[in-house]
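Enquirer:
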Amino acid sequence: MSDPHHPEGPGLGDVLAAQKTLTGITRVTAVEGSRYLGDLVGAPVHLKCENLQRTGSFKLRGAYTRIAGLDDAERARGVVAASAGNHAQGVALAASLLGVPSTVFMPAGAPLPKIAATREYGAEVRLRGQVVDETLAAAEEYARTTGAVLIHPFDHPDVVAGQGTVGLEILEQCPEVRTIVVGIGGGGLAAGVAVAVKALRPDVAVIGVQAEGSAAYPPSLAAGRPVALPEVSTMADGMKVGRPGDVPFRIIADLVDEVRTVSEDALSAALLLCLERAKLVVEPAGASPVAALLSAPEAFDGPVVAVLSGGNVDPVVLERSLRHGMAAAGRYLSLRLRVPDRPGVLAALLGALSVADANVLAVNHVRTDPGLGVSEAEVELQLETQGPRHCVEVSEALGAAGYRILG
128 MSDPHHPEGP GLGDVLAAQK TLTGITRVTA VEGSRYLGDL VGAPVHLKCE
178 NLQRTGSFKL RGAYTRIAGL DDAERARGVV AASAGNHAQG VALAASLLGV
228 PSTVFMPAGA PLPKIAATRE YGAEVRLRGQ VVDETLAAAE EYARTTGAVL
278 IHPFDHPDVV AGQGTVGLEI LEQCPEVRTI VVGIGGGGLA AGVAVAVKAL
328 RPDVAVIGVQ AEGSAAYPPS LAAGRPVALP EVSTMADGMK VGRPGDVPFR
378 IIADLVDEVR TVSEDALSAA LLLCLERAKL VVEPAGASPV AALLSAPEAF
428 DGPVVAVLSG GNVDPVVLER SLRHGMAAAG RYLSLRLRVP DRPGVLAALL
478 GALSVADANV LAVNHVRTDP GLGVSEAEVE LQLETQGPRH CVEVSEALGA
528 AGYRILG
């Protein structure tokens with residue numbers, strides 16, 4: 128969806144104009160150093176904290192820039208958007224600040240905190256569809272029938288220009304930067320950052336990151352055109368985009384140095400690291416640059432700036448992601464043991480775990496399974512450990528105490 132005023136997408140002048148438009152509206156978010164990641168990479172690593180932006184993500188930058196560019200007649204018709212969270216909140220707040228009525232379509236299963244926040248920012252929220260593609264179709268139909276202006280989350284030059292202000296801030300805050308790592312869903316943020324950075328500092332590498340289960344850019348770049356994935360699957364809701372946007376795709380193909388992919392385990396580990404080490408709540412999509420650094424620290428030329436693009440994580444998703452991250456980091460251990468079915472055996476087993484410094488999270492004691500002998504029981508344990516080495520030590524301690532581990 129290109130724009131006649133910007134046939135090839137925005138340039139540096141558009142990003143600089145967006146920066147002026149956003150003065151006093153968006154925050155110049157902090158850049159914080161990470162000693163842990165710096166030690167891994169072997170060079171300074173800084174975190175650009177867009178998770179602390181107003182509405183909890185970078186999306187306000189593009190939404191406000193786009194709506195501010197509408198003429199009076201367009202503003203009078205109102206705006207409409209489709210989103211599962213971050214873009215919804217960005218559009219709602221931007222429209223309210225500019226006095227423009229907004230309607231936001233969200234999937235029926237969108238997290239309740241995100242629905243509530245979008246309403247509180249001033250939008251009329253309508254729940255349609257189960258996935259964002261269905262929700263977007265409803266928003267497009269609403270735009271056709273009412274004349275409201277559709278505010279696309281990434282496929283418009285003004286949106287890309289607004290997101291590009293993140294790149295301007297990085298160059299001002301960390302002029303020594305050699306590599307900028309940024310997550311990619313539809314591509315608006317990475318494209319905007321690349322436009323700004325490559326115009327001012329062509330020596331700085333811009334690296335994009337996608338979740339493996341929704342990585343539409345690698346096959347699209349190989350084909351030379353946007354290619355739709357048959358399905359997308361990832362915990363990173365902000366990256367569940369099955370097809371690159373036309374406008375950002377052209378820019379990313381020309382200016383982004385590389386697009387890497389990361390696993391679900393890496394996303395969980397990154398989210399956990401941000402929380403524990405940096406004391407920052409970051410959603411899985413926002414933690415993707417950190418996941419890339421954890422997965423291949425030797426691949427990045429420092430100093431590095433990793434963009435934490437958002438922090439709007441549903442508490443249920445946060446709990447699940449943290450649990451997954453702890454398991455991926457070797458801090459959870461699941462065991463099944465066959466033991467004699469007699470008094471005191473379970474207490475002795477728990478005592479052996481206490482000696483091994485393993486924290487018992489859950490115990491399932493099975494005595495009636497047909498596969499068990501008449502005097503046998505099976506115990507399933509969920510343990511919290513101190514890391515991979517400790518997992519091995521706990522298993523060895525149980526074996527030395529005479530317990531037979533089944534798996």
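So the sequence shown is residues 128 to 534, counted in the working numbering.
Positions of the beta carbon are idealized from the N, C-alpha and C atoms, including for glycine.
1) Looking at the structure shown, is residue 209 part of a helix, part of a strand, or coil, going by DSSP?
2) Given that a residue counts as buried once 16 or more other Cβ atoms are within 10 Å of its Cβ, and exposed if not, what is residue 525?
3) For residue 128, which residues in the same chain have their Cβ closer than 8 Å to its Cβ, ignoring the five residues on either side in sequence?
4) Would you mind sorting residue 169 into buried or exposed? The rule is 16 or more other CB atoms within 10 Å of its CB.
5) Between which two residues does the beta strand (DSSP E) harbouring residue 334 extend?
6) Within its chain, find whatever has a CB closer than 7 Å to the CB of residue 389; leave out the 5 residues flanking it on each side and keep chain order.
7) So, is residue 134 buried or exposed, given that buried needs 16 or more other C-beta atoms within 10 angstroms?
8) Measuring alpha carbon to alpha carbon, tell me which of 307, 319, 318, 478 ends up nearest residue 333.
9) Given a cut-off of 9 Å, decide if residue 191 and residue 153 are closer than it, judged by their beta-carbon atoms.
10) Determine whether the beta carbon atoms of residue 254 and residue 207 lie at a separation below 9 Å.
11) State the start and end residues of the unbroken beta strand (DSSP E) segment that holds residue 367.
12) Less than 9 Å between the beta carbons of residue 439 and residue 216, yes or no?
13) Do you know how far the Cα of residue 251 is from the Cα of residue 200?
14) Could you spell out where the alpha helix (DSSP H) holding residue 160 opens and where it closes?
15) Nearest to residue 432 by CA position, among 151, 148, 162, 139, is which residue?
16) If we call anything under 9 Å between Cβ atoms a contact, is residue 230 one with residue 275?
17) What does a CB cutoff of less than 6 Å around residue 486 pick up in its chain, not counting 5 residues either side in sequence?
18) Three-state secondary structure (DSSP) at residue 129?
19) Run through DSSP, which three-state label would residue 180 get?
20) Between the region 314-328 and the region 283-303, can you find at least three pairs of beta-carbon atoms closer than 8 Å?
21) Please check the pair residue 513 and residue 458, which I expect to be a contact at CB under 8 Å, by giving their CB distance rounded to whole angstroms.
22) Could you check where the beta strand (DSSP E) with residue 509 kicks off and where it finishes?
23) I'd like the list of long-range same chain contacts for residue 167, defined as Cβ closer than 6 Å, with 5 residues on each side in sequence excluded.
24) Going by the DSSP bridge assignment, what does residue 517 pair with across the sheet?
25) Quick one: Cα of residue 178 to Cα of residue 383, how far?
26) For residue 364, which of 137, 403, 444 has the nearest alpha-carbon?
27) From what residue to what residue does the beta strand (DSSP E) around residue 230 run?
28) Please classify residue 141 as buried or exposed, where buried requires at least 16 neighbouring CB atoms within 10 angstroms.
29) Got a sec, what are the start and stop residues for the beta strand (DSSP E) residue 307 sits in?
Expert: Taking the geometry as given:
1) Stepping through the sequence shown from its first residue, residue 209 is reached at position 82. Strand at residue 209.
2) Indexing the sequence shown from 1 puts residue 525 at position 398. Buried: at least 16 other Cβ atoms inside 10 Å.
3) Mapped onto the sequence shown, residue 128 falls at position 1. Per-residue confidence for residue 128 stands at a pLDDT of 35, beneath the threshold of 50, marking its modelled position as unreliable; no derived number is given.
4) In the sequence shown, the residue the question calls residue 169 occupies position 42. Classification of residue 169: exposed, given that the 10 Å Cβ count is below 16.
5) Residue mapping note: residue 334 aligns to position 207 of the sequence shown, counting from 1. Element bounds for residue 334: 332-338.
6) Here residue 389 is taken as the residue at index 262 of the sequence shown, counted from 1. Here the set comprises 336, 338, 339, 415, 418, 419, 422.
7) Looking up residue 134 in the sequence shown gives position 7. Only weak support is given to the placement of residue 134: the predicted model assigns it a pLDDT of 47, under 50, and the question is left unresolved by the model.
8) Here residue 333 refers to the residue found at position 206 when the sequence shown is read from its first residue. The residue with the shortest Cα to Cα distance from residue 333 is 307.
9) Position 26 of the sequence shown, counting from 1, holds the residue named residue 153. Position 64 of the sequence shown, counting from 1, holds the residue named residue 191. A contact, by the Cβ cut-off of 9 Å.
10) Position 127 of the sequence shown, counted from the first residue, corresponds to residue 254. Position 80 of the sequence shown, counted from the first residue, corresponds to residue 207. No, the Cβ-Cβ distance between residue 254 and residue 207 is not below 9 Å.
11) If you number the sequence shown from 1, residue 367 lands on position 240. Segment: none, residue 367 is in no beta strand (DSSP E) and carries neither H nor E.
12) Taking the sequence shown and counting its residues from 1, one reaches residue 439 at position 312. Taking the sequence shown and counting its residues from 1, one reaches residue 216 at position 89. Result yes, Cβ atoms of residue 439 and residue 216 sit closer than 9 Å.
13) Looking up residue 200 in the sequence shown gives position 73. Looking up residue 251 in the sequence shown gives position 124. Computed Cα separation, rounded: 20 Å.
14) For the purposes of this step, residue 160 is identified with residue 33 of the sequence shown, where counting begins at 1. No alpha helix (DSSP H) contains residue 160, which is instead part of the beta strand (DSSP E) from 158-160.
15) Locating residue 432 in the sequence shown gives position 305, counting from the first residue. Ranking the options by Cα distance to residue 432, first place goes to 162.
16) The residue labelled residue 230 in the question sits at position 103 within the sequence shown. The residue labelled residue 275 in the question sits at position 148 within the sequence shown. Result yes, Cβ atoms of residue 230 and residue 275 sit closer than 9 Å.
17) The residue given as residue 486 occupies position 359 in the sequence shown. Residues 511 of the same chain have their beta carbon placed closer than 6 Å to that of residue 486, with the five preceding and five following residues left out of the count.
18) Within the sequence shown, residue 129 is the residue found at index 2, counting from 1. Bear in mind that the predicted position of residue 129 carries a pLDDT of just 37, short of 50, making it too unreliable to give a figure here.
19) Position 53 of the sequence shown holds residue 180. Here residue 180 sits in coil by DSSP.
20) yes
21) Here residue 513 refers to the residue found at position 386 of the sequence shown. Here residue 458 refers to the residue found at position 331 of the sequence shown. Residue 513 to residue 458, Cβ: 7 Å. Contact.
22) Numbered from its first residue, the sequence shown carries residue 509 at position 382. Segment 503-511, the beta strand (DSSP E) holding residue 509.
23) By one-based count along the sequence shown, residue 167 stands at place 40. Counting only Cβ-Cβ distances below 6 Å, and skipping sequence neighbours, we find 424.
24) Here residue 517 corresponds to residue number 390 of the sequence shown, with the count starting at 1. According to DSSP, which records beta bridges pairwise, residue 517 is partnered with nothing at all.
25) Numbered from its first residue, the sequence shown carries residue 178 at position 51. Numbered from its first residue, the sequence shown carries residue 383 at position 256. Going from the Cα of residue 178 to the Cα of residue 383 covers about 23 Å.
26) Taking the sequence shown and counting its residues from 1, one reaches residue 364 at position 237. Nearest C-alpha to residue 364: 444.
27) As a working note, residue 230 is residue 103 in the sequence shown. Unbroken beta strand (DSSP E) run through residue 230: 229-233.
28) For the purposes of this step, residue 141 is taken as residue 14 along the sequence shown, with counting starting at 1. Residue 141 comes out buried.
29) As a working mapping, residue 307 is identified with position 180 in the sequence shown. Residues 306-310.
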